[in-house]
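See structure below.
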Amino acid sequence: MTTYTDLPAVPLPPGHFVSDAPELVDIERVHHWLSTDAYWALGRSLEKQRAAAAASLNFGVYEDVAEEAGTPSREAGARREQRAYARVVTDHATFAWLCDVYVPRESRGRGFAKALLAAVRARMEQDGVRRVLLVTSTAQELYRSVGYDEVERGKWMILPLA
1015 MTTYTDLPAV
1025 PLPPGHFVSD
1035 APELVDIERV
1045 HHWLSTDAYW
1055 ALGRSLEKQR
1065 AAAAASLNFG
1075 VYEDVAEEAG
1085 TPSREAGARR
1095 EQRAYARVVT
1105 DHATFAWLCD
1115 VYVPRESRGR
1125 GFAKALLAAV
1135 RARMEQDGVR
1145 RVLLVTSTAQ
1155 ELYRSVGYDE
1165 VERGKWMILP
1175 LA
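Heads up: the sequence shown runs through residues 1015 to 1176, numbered per the working numbering.
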């Protein structure tokens, strides 16, 4: 588990951090986001989301939120709320597939996506992974801005199963 608090050129608002700690993922919140608002995962079941997350490396942007008096908390005086999510399917050696990158509408424009992508890159470089692939039909500029290139047409193939 790594907490990413000092990502170069990706400042987060105070009280926010990125982590790949599986115990921090709010899987019900992630499921709601993806199954109701992400075009690629509309209608995905909670069971399917749990299975996907369990077999993946999960990244989140989290915020330490002060608790009101008398409210239970994970830590004295604060709780953590998930603000964004990304999932990586990887062998931790040579290859990774970045997917389910999601920032809810009310949190967009705050640098959360770039922070997630910087953390994914740092972790994959640490693992020695040589390439990270992804598919997007709406966020090419975001991914280009952090170093992703379009794959040359005619070299990559897909086997659609469902």
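C-beta atoms are modelled at their ideal positions from N, C-alpha and C, and glycine is treated no differently.
Identity of the residue in the options nearest residue i by Cα
i	options	result
Ser1049	Asp1034, Asp1114, Ala1133	Asp1114
Ala1132	Glu1120, Val1146, Arg1119	Val1146
Ala1035	Leu1156, Ala1068, Val1079, Glu1164	Ala1068
Gly1142	Ala1107, Trp1170, Gln1154	Ala1107
Gly1074	Asp1051, Val1117, Arg1093, Gly1057	Val1117
Glu1042	Glu1095, Val1024, His1030	Glu1095
Trp1111	Arg1135, His1030, Lys1169, Gln1063	Arg1135
Glu1120	Asp1078, Met1138, Trp1047, Pro1025	Trp1047
Which of helix, strand or coil DSSP assigns to residue i
i	result
Ala1052	coil
Arg1167	coil
Leu1148	coil
Leu1026	coil
Arg1101	strand
Arg1093	strand
Asp1114	strand
Arg1135	helix
Asp1040	coil
Arg1124	coil
Leu1130	helix
Beta strand (DSSP E) segment containing residue i, residue limits
i	result
Ser1033	1030-1033
Glu1077	1071-1080
Residue interval of the alpha helix (DSSP H) (run including residue i)
i	result
Glu1155	1154-1159
Ala1107	Here Ala1107 belongs to no alpha helix (DSSP H), and DSSP marks it neither H nor E.
Glu1061	1060-1068
Exposure label - residue i; buried when at least 16 CB within 10 Å
i	result
Ala1065	exposed
Ala1153	exposed
Ser1033	buried
Gln1008	Nothing can be reported for residue 1008: it is not among the residues displayed for the chain, which extend from 1015 to 1176.
Glu1037	exposed
Trp1054	exposed
Gly1084	Interpretation of Gly1084 is limited by its pLDDT of 49, a score under 50 that renders its predicted location unreliable; no figure is taken from the coordinates.
Val1165	exposed
Arg1144	exposed
Glu1077	buried
Beta-carbon gap between residue i and residue j smaller than 8 Å
i	j	result
Pro1028	Arg1124	no
Ala1080	Leu1130	no
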